[in-house]
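Beneath this line is the structure, given in structure tokens, with notes to follow.
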Amino acid sequence: MKDKIIQFFSNLGRSLMMPIAALAACGIVLGLTSALLKAQVVAAVPFLGFAVVKFVILALNKLSAVVFTLIPVLFAISISLGLAKEDKEIAAFAGFIGYYAFLVGSSLVIATEVIDFSAMKISTILGVQTLDMGAIAGIIIGLLTAHLHNKYHKVEFPAAIAFYGGKRFVALVVILCSGLLGLVMPFIWAPVSSGINALGGLIASSGSFGVFIYGLLERLLIPTGLHHVLNGLFRTTALGGVYEGVEGCLNIFLQFIDKVQISDLAQFTKFLGQGKMPYMMFGLPAAAYAIYKTTPQEKKGKVKALMIAGVAASAISGITEPLEFSFMFIAPQLFLFHSIMGGLSFMLMSLLGVVIGNTGGGLIDFFIWGVFQPGSNWYWVIVVGICYAAIYYFVFYSYLKKKNISIDVSVDDDSKVNEQTIPDNELFNTARTIISGLGGVENILVVNNCMSRLRVDVKDMSKVDDNVLKSTGSIGIIKPTDGHIQVIYGPKVEKIADKVRELLKY
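Just so you know, we're using the numbering used here here: the sequence shown kicks off at 41 and counts up by one.
See below:
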């Protein structure tokens, strides 16, 4: 039971990454265009005031902002797709129509006025005036759709009605169940909503300690992949705060960045990218240098290439796993230290009044949402970051030297671990070797991926050969349950996963 629960939440976190990644990308566009529209910037760069230029920037700004109004339906689609075991496109389609049926069901009850719904938030969503549950509604419908899809997508009916069996039946049963749930939800949402808001208020009232715990858990959950669930809930639901009816710290920041004083948003950005910047841009690069310095001379070449790639991913785009998995299992005490420093980083940025939003935590977000935004107090990131660099280097270097630990994730001379891109002629062989390392085609159930990990459900874990997987360039391997394995490849995982899935079809 424990393994199933862990695997479920791990898969849920992976499913949430698709819309969250889209939000982060749109957030970058929104931040850049918002900065270019500010009066101070236009005064400094008169070219930006030209009508055509201003129109293009404003159009990009509005288009990128639209995505944030679609978070619930994006969650419904992505969770349906991510948790479906087969025929994922059918599940995604069913997730969308299921969400719409849910909206219609709720609207029918609200229109009757059988009880007083005035205390609830009523909005027009996809053209339907209905109960507004925010991202929670999308998550619920996504989970419901995935369950119904996995249960009924192969159901067979008698010949007379066989046309409505299998994949077609999924849409029918999802519409029915989602609509019925929509009819019931208005009666039970009030106490649930109050509970969520109370929990969010408790977290907010806990002050710096609450921010520290969030930052600590955000790092500690990295090995399991459950940090995606934590982040998703804070960024898109009332757990991350409520401001003028908008729920979730990321939603609030991006929707009000140009409407209120930036200092008013500090209570929400404390859960966003600002807390990651000191260790992503300064701490981990310093740790990477310490790892390189403590590596035996004959292995420095490969480790240097790995560290450079990891530093680039961490400092620029905020992808830390290539570096974290290089020491996570060989020196777990260092990962615990890193997690504690992560919590302190979030807390310090909040105490110092830093107001830098979005999710990445790398240089891109630092410049767009910090340097280019007046009043963000971005300079504290550099001050704290320099201190972090010194502390990380000293702790990593001292520990590795004292324990005589050499962190070398390369397996043999043929390993491709240091490459962030793989030529097409090598990608085929890499994917074929991965399939072999996973126990062969017959042992593989489902292949998915997130931003840095190949996530695979297998029939028999004893058939998995870790050494074979490591020879393909894996940075690390995690087995959270007896039937699920995560192989860490870093940013190049997308191409690898696509090729593995392609080969499994033949």
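For glycine and all other residues, C-beta sits at the position ideal for the given N, C-alpha and C.
{"Query": "Is it the case that the Cβ atoms of Glu542 and Asn489 are separated by a distance below 8 Å?", "Result": "no"}
{"Query": "Contact defined as beta carbons within less than 8 Å: I believe Ala353 pairs with Pro362. What is the distance between those atoms, to the nearest angstrom?", "Result": "6 Å"}
{"Query": "Classify Thr109 as buried or exposed, calling it buried when 16 or more other Cβ atoms lie within 10 Å of its own Cβ.", "Result": "exposed"}
{"Query": "Helix, strand or coil: how does DSSP classify Leu166 here?", "Result": "coil"}
{"Query": "Following the continuous alpha helix (DSSP H) through Asp127, name the residue where it begins and the one where it ends.", "Result": "Asp127 -> no alpha helix (DSSP H), and no H or E assigned at all."}
{"Query": "If Met58 and His268 are in contact, beta carbons under 8 Å, what's the gap, nearest whole angstrom?", "Result": "Not quite, the Cβ-Cβ distance comes to about 10 Å (not below 8 Å), so this is no contact."}
{"Query": "Between the segment 368–379 and the segment 413–427, do at least 3 Cβ pairs fall closer than 8 Å?", "Result": "no"}
{"Query": "How is the alpha helix (DSSP H) around His193 delimited, first residue to last?", "Result": "His193 -> no alpha helix (DSSP H), and no H or E assigned at all."}
{"Query": "Return helix, strand or coil for Pro520, following the three-state DSSP convention.", "Result": "strand"}
{"Query": "DSSP three-state label for Asp505, please.", "Result": "coil"}
{"Query": "Given Ile310, which residues of its chain have a CB within under 6 Å of its CB, disregarding the five upstream and five downstream residues?", "Result": "Note on identity: in this sequence residue 310 is Lys, with Ile being the wrong assignment. Cβ neighbours of Lys310 beyond the five flanking positions: Val251, Ser390."}
{"Query": "Mind checking who Glu287 pairs with in its DSSP beta bridge?", "Result": "Val282"}
{"Query": "Can you name the start and end residues of the alpha helix (DSSP H) that Asp538 belongs to?", "Result": "533–544"}
{"Query": "Since Lys342 and Tyr332 should fall inside the 8 Å C-beta cutoff, what is the C-beta to C-beta distance between them, to a whole number of angstroms?", "Result": "That pair is no contact at about 11 Å."}
{"Query": "What is the residue span of the beta strand (DSSP E) that Asn271 lies within?", "Result": "No beta strand (DSSP E) holds Asn271; the alpha helix (DSSP H) holding it covers 267–276."}
{"Query": "By DSSP's criteria, Arg493 is part of a beta bridge. Which residues make up the other side?", "Result": "Ile528"}
{"Query": "Report, in whole angstroms, the separation of the C-beta atoms of Ile475 and Val481, which I expect to be a contact under 8 Å.", "Result": "6 Å"}
{"Query": "Inspect the beta-carbon positions of Ala116 and Tyr139 and report whether they are closer than 8 Å.", "Result": "yes"}
{"Query": "Measuring straight from C-alpha to C-alpha, what distance separates Val232 and Leu239?", "Result": "11 Å"}
{"Query": "Who are the near neighbours of Gly89 in its chain, counting only those whose CB is closer than 6 Å to its CB and skipping five residues on each side?", "Result": "Val82"}
{"Query": "In angstroms with no decimal places, state the Cα-to-Cα distance between Ser118 and Asp500.", "Result": "28 Å"}
{"Query": "Can you give the Cα-Cα distance for Asp586 and Ala306, rounded to whole angstroms?", "Result": "No statement about residue 586 is possible, as the shown extent of the chain runs from 41 to 546 and does not include it."}
{"Query": "Looking at Tyr432 and Ala326, is the spacing between their C-beta atoms short of 8 Å?", "Result": "yes"}
{"Query": "Can you check whether the CB of Tyr428 is closer than 8 Å to the CB of Pro263?", "Result": "no"}
{"Query": "For the candidate residues Gly235, Ile396, Pro372, Leu266, whose alpha-carbon lies nearest to that of Ala75?", "Result": "Ile396"}
{"Query": "Take Leu440 as the anchor and find which of Asn51, Gly219, Thr334, Lys503 has the nearest alpha-carbon.", "Result": "Thr334"}
{"Query": "Who are the Cβ neighbours of Ser55 in its own chain at under 8 Å, not counting the five residues just before and after it?", "Result": "Ser118, Ile119, Leu121, Gly122, Leu123, Gly182"}
{"Query": "Between Phe308 and Gly281, which are expected to be in contact by the criterion C-beta below 8 Å, what is the C-beta distance as a whole number of angstroms?", "Result": "5 Å"}
{"Query": "Just to confirm the assignment, what range does the alpha helix (DSSP H) spanning Gly318 have?", "Result": "Per the sequence presented here, residue 318 reads as Pro, with Gly not at that position. Run containing Pro318: none; DSSP gives neither H nor E here."}
{"Query": "Check whether the Cβ atoms of Gly178 and Val113 sit closer than 8 Å, and answer yes or no.", "Result": "yes"}
{"Query": "Using three-state DSSP, classify Ile484 as helix, strand or coil.", "Result": "strand"}
{"Query": "Give the secondary structure of Val547 by DSSP, where H, G and I count as helix, E and B as strand, and everything else as coil.", "Result": "Limits of the chain in this structure are 41 at one end and 546 at the other, which puts residue 547 out of reach."}
{"Query": "Identify every residue that forms a DSSP beta bridge with Leu171.", "Result": "Ile162"}
{"Query": "Taking only runs of the alpha helix (DSSP H) that begin and end inside the segment 91–118, which ones reach a length of at least 4 residues, in chain order?", "Result": "91–106"}
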